[in-house]
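Here the sequence shown is numbered in the working numbering, starting from 1 and rising by one per residue. Even glycine gets a Cβ: it sits at the ideal position worked out from N, Cα and C.
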Amino acid sequence: MYFRRDKMKILFFSTNMETIDELTARHRIDNFMSFSDLTSLEKISISLDKKFILLADYDSVSSELNRLISLNKLPINTIVLEKNPEITSGKMLISHKVKAYANTRISTVNFSQMIEAVSENKVWTYPELTIALSNSVAAPTINDDAKKLIQNRLSPKELEVIYLILDGLTNDAISKELEITTRTVKAHVGSIFSKLHVNDRLALILLLK
1 MYFRRDKMKI LFFSTNMETI DELTARHRID NFMSFSDLTS LEKISISLDK
51 KFILLADYDS VSSELNRLIS LNKLPINTIV LEKNPEITSG KMLISHKVKA
101 YANTRISTVN FSQMIEAVSE NKVWTYPELT IALSNSVAAP TINDDAKKLI
151 QNRLSPKELE VIYLILDGLT NDAISKELEI TTRTVKAHVG SIFSKLHVND
201 RLALILLLK
């Protein structure tokens with residue numbers, strides 16, 4: 001489907017037509033392409049030149065998707081959907097550059113937010129997984145290379161902010177902790193993202209993992 005907002009083609013990768021029918025009906029997707037084998041998917045991927053979002057049904061094509069991951073051929077804008085999403089699976093998939101991981105029965109509101117985030121080259125996950133990813137890279141576990149990176153690129157105040165981000169604090173909580181305005185926190189966060197070449201907090205967490 002071509003979303004007017006982002007011009008990205010939607011491709012479904014699944015061997016279960018019922019799943020595709022359910023998703024397209026719930027989210028009112030009336031113009032899309034679907035594939036059940038890697039050969040066909042790879043051919044169309046080349047012709048579209050990365051201008052698409054791939055929604056992969058993990059319940060039916062996990063082997064094929066894992067093969068793409070192992071061969072480092074995963075399309076740049078891949079979303080993985082699963083009927084019973086698990087934190088462990090989500091952490092693995094996001095660490096291998098999957099842009100979003102969600103329940104196959106995701107609500108229309110969250111589906112729209114997810115598509116928008118991925119079309120803007122951001123990572124999207126459901127709240128529990130985001131928290132788990134944040135906790136997995138708490139400040140004391142940052143490796144030496146990551147410490148060197150942030151020390152070389154960030155100001156002293158930005159270093160304070162980034163460690164609080166990694167502790168899972170919101171902008172408002174950081175504001176209270178550092179006794180500065182939320183607006184100032186947002187400015188520091190924006191500067192951190194720019195200096196480390198990331199788009200959002202989850203991408204920051206994955207960078208420093």
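Output needed for Thr19: all residues of its chain with C-beta closer than 6 Å, excluding positions within five of it in sequence on either side, in chain order.
These residues qualify, in order along the chain: Asp57.
Evaluate Phe13 with the Cβ neighbour count: other Cβ atoms within 10 Å of its Cβ, from every protein chain shown; 16 or more gives buried, anything less gives exposed.
Burial call: buried.
Closer than 7 Å by C-beta to Lys186: which residues in its own chain qualify, once you throw out the five before and the five after it? Chain order, please.
A distance below 7 Å between beta-carbons, with the five flanking residues on each side excluded, links Lys186 to the following residues of its chain, in chain order: Asn171.
Between the CA atoms of Leu208 and Arg183 - distance to the nearest angstrom
The alpha-carbon atoms of Arg183 and Leu208 are separated by roughly 25 Å.
Below 8 Å on the Cβ atoms is my guess for Leu55 versus Leu81; work out the distance and round it to an integer in Å.
Taking a contact as a CB-CB distance under 8 Å, the pair Leu55 and Leu81 counts as one, their CB atoms being some 6 Å apart.
Check whether the region 93-103 touches the region 120-132, taking contact to mean three or more Cβ pairs, one atom from each stretch, closer than 8 Å.
Cβ pair count under 8 Å is three or more, so yes.
Please state whether the Cβ-Cβ distance between Lys9 and Lys51 is less than 8 Å.
In this structure, Lys9 sits near Lys51, with a CB-CB distance shorter than 8 Å.
First and last residue of the uninterrupted alpha helix (DSSP H) at Phe32:
Phe32 -> no alpha helix (DSSP H), and no H or E assigned at all.
Am I right that Phe193 and Leu178 are in contact with their C-beta atoms under 8 Å? What's the rounded C-beta distance?
With 8 Å as the limit, Phe193 and Leu178 do not qualify as a contact, their Cβ atoms being about 18 Å apart.
Measuring alpha carbon to alpha carbon, tell me which residue in Arg67, Ile165, Leu71 is nearest Leu206.
Comparing alpha-carbon positions, the option among Arg67, Ile165, Leu71 lying closest to Leu206 turns out to be Ile165.
Is there at least one Cβ from chain C nearer than 8 Å to Ala117's Cβ?
The structure shown contains no chain C, having only a single protein chain.
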